[in-house]
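Student: Shown below is the structure under consideration.
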Amino acid sequence: MDLADVSIETVNRASTEDAAAVLALAEAAARVDGAVPLSEQSRLELRHGAPAARELIARAGTGIVGFAHLDGADEVDGPAAELFVAPAARGAGLGRALLEALLAEAARVDEGGRLRVWAHGKLPAAERLAAALELTAFRELWQMRRAADTPVPELAPRADVRLRTFRPGADDAAWLALNAKAFAHHPEQGAWTEDDLRRRFAEPWFDPAGFFLAEDADTGALLGYHWTKTHPATADSGPLGEVYVVGVDPAAQGRGLGALLTSVGLRHLAERTVDGAPLAEILLYVDEDNRAAVKVYTRLGFRVHTIDVMYRR
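Mapping the sequence shown onto this note's numbering, position 83 (from 1) lands on 767, and the numbers just tick up by one.
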């Protein structure tokens, strides 16, 4: 492919046809790289649009050969982005062209021209590109996995905590408030809105029976939660379960709620099937520097599967 034949278009929202083509191309890239190049949030914003989002679409003729997503919503840490190039279009400099276009777009949406970029899978090509444009790695996100049938430690019943499942519509506001408190230090998760929640309710994987809440047995106040998720089988693996997100009210820390909720969710996933097939593995994402959580997950049998790196200028 000749880079001179490629054009990069920036739009606030991709067309339905372009969004579908990008998602199909991302699946093709994932099969080659062993890592999905776009996060769930980017895929949702690509499909539904978002006020602070920019989509950079690289075309050669009528076909899409590369893509970048820029999210400018975080005013504290600055814009964040993801990009990938179609496997058949690699080696011609398109990755660098997309990253330079992202840097230029970030300069338009952020006074300081800041940019943070995810590289999923810690691939050597991404490391070389980041170094060439003087981006520095500052965060690692680990995907950890364990076999779905790995035993889960037994936990004693609790008299002070009541467990139940989420009720869409009835629990939305209380859960959003709890999530904001639990992840006040984590803008990607803690800033969720009603739209973020409802978009996930509309996803085919959503099942309230796998969304567990812990509440105070006396007051009924929400103390924590464990939201689980399932993924269909692919050419490379059987169906997967996911510890989607676990959160505990900071005021309730130290009561063993994280361990309790994690155990409940893992037991639920061990009994799940997708299209009649049992889950092969259970995955989760955790920041590499969250040593306490890594220690807990390692003790539960999770091991590092892939690593995502975030770079910044």
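C-beta: ideal position from N, C-alpha, C; glycine also.
Keep in mind it's a predicted model, so treat the numbers as computed, not measured.
(1) Would you please state the rounded distance, in angstroms, between the beta carbons of LEU799 and ARG997? I believe it to be under 8 Å.
(2) For TYR995 versus ALA814, is the C-beta distance shorter than 8 Å?
(3) Is there contact here, the region 749-756 with the region 766-775, by at least three beta-carbon pairs under 8 Å?
(4) Rounded to whole angstroms, what is the Cα-Cα separation between ALA858 and HIS910?
(5) Measuring straight from C-alpha to C-alpha, what distance separates PRO721 and ALA843?
(6) Indicate the three-state DSSP secondary structure (helix, strand or coil) for PRO934 in the structure shown.
(7) With burial defined as no fewer than 16 other Cβ atoms inside 10 Å of the residue's Cβ, what is the status of ARG851: buried or exposed?
(8) Are the beta-carbon atoms belonging to GLY925 and THR918 less than 8 Å from one another?
(9) Could you pull the start and end residues of the beta strand (DSSP E) that HIS804 belongs to?
(10) Which residues in the same chain as ALA736 place their Cβ atom closer than 7 Å to its Cβ, once the five residues preceding and following it in sequence are excluded?
(11) Within 10 angstroms of the Cβ of GLN827, are there 16 or more other Cβ atoms? Answer buried if so, exposed if not.
(12) What's the gap between the Cα of VAL716 and the Cα of HIS869?
(13) Taking the Cβ atom as the reference point for each residue, do THR912 and LEU963 lie within a distance shorter than 8 Å?
(14) Counting C-beta neighbours from all protein chains within 10 Å, is the total for ASN863 16 or more, i.e. buried, or is it exposed?
(15) Kindly indicate which three-state DSSP category TRP826 falls into: helix, strand or coil?
(16) What are the residues that DSSP puts in a beta bridge with ARG846?
(17) Measuring only the C-alpha atoms, how far is PHE896 from VAL927?
(18) Could you compute how far the alpha carbon of LEU707 sits from the alpha carbon of THR903?
(19) Give the C-beta separation of ALA977 and ASP933 to the nearest angstrom, bearing in mind that I take them to be a contact with Cβ-Cβ under 8 Å.
(20) DSSP on GLU811, reduced to helix/strand/coil?
(21) Buried or exposed: HIS804, going by 16 or more other Cβ atoms within 10 Å of its Cβ?
(22) ALA816 and ARG774 - do their beta-carbons sit closer together than 8 Å?
(23) If we call anything under 8 Å between Cβ atoms a contact, is GLY985 one with ARG743?
(24) Alpha carbon to alpha carbon, what distance is there between GLY874 and THR820?
(25) Tell me the rounded alpha-carbon separation between THR694 and LEU941.
(26) For PRO871, collect the residues of the same chain with a Cβ closer than 6 Å to its Cβ; drop the 5 residues on either side in sequence, then sort them by chain order.
(27) Is the separation between the beta-carbon of PRO916 and that of VAL958 shorter than 8 Å?
Tutor: So, to answer that:
(1) 6 Å
(2) yes
(3) When C-beta atoms of the region 749-756 are compared with those of the region 766-775, three or more pairs fall below 8 Å, so the two segments count as touching.
(4) 14 Å
(5) Rounded to the nearest angstrom, the two C-alpha atoms are 44 Å apart.
(6) Assigned with DSSP and collapsed to three states, PRO934 falls in helix.
(7) exposed
(8) No, they are not a contact pair.
(9) Element bounds for HIS804: 800-804.
(10) ASP755, GLY756, ALA757
(11) buried
(12) 34 Å
(13) no
(14) buried
(15) strand
(16) GLU899
(17) 11 Å
(18) 45 Å
(19) Not quite, the Cβ-Cβ distance comes to about 16 Å (not below 8 Å), so this is no contact.
(20) helix
(21) By the neighbour-count rule (16 or more Cβ atoms within 10 Å), HIS804 is buried.
(22) no
(23) Contact flag unset, no.
(24) 25 Å
(25) 45 Å
(26) ASP758
(27) yes
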